[in-house]
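Novice:
Numbering (the working numbering), first residue to last: 92 to 160.
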């Protein structure tokens, strides 16, 4: 039974490493082209829109009574 919990405890590590690896693979080309001002504007816009999206989704999930039809 201890071996079972040992195996299950490893899965969050795999999930975290997959997420970090995916982010690195997506962001590495953008960081290589940092000297281009258009890339900086795109990167800032993407990060800002991602935060706004997460904010509104979490707000709707935690307070569904305030949703308008």
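Glycine is no exception: its CB is placed at the ideal position from the N, C-alpha and C atoms.
For residue 124, which of helix, strand or coil comes out of DSSP?
Specialist: Sequence index remark: in the chain shown, residue 124 carries index 33 (1-based). Coil, per DSSP.
Novice: Pick helix, strand or coil for residue 92, following the three-state DSSP scheme.
Specialist: Position 1 of the chain shown, counting from 1, holds the residue named residue 92. Coil, per DSSP.
Novice: Please work out which residues of its chain come closer than 8 Å, Cβ to Cβ, to residue 133, disregarding the five sequence neighbours upstream and downstream, and give them in chain order.
Specialist: Here the question's residue 133 lines up with position 42 in the chain shown. Only 121 meet the Cβ criterion.
Novice: Report the residue ranges of all beta strand (DSSP E) runs contained in full by the segment 98-153; include only those spanning at least 3 residues, in chain order.
Specialist: Counting whole runs of 3 or more residues, the segment 98-153 contains no beta strand (DSSP E) stretch at all.
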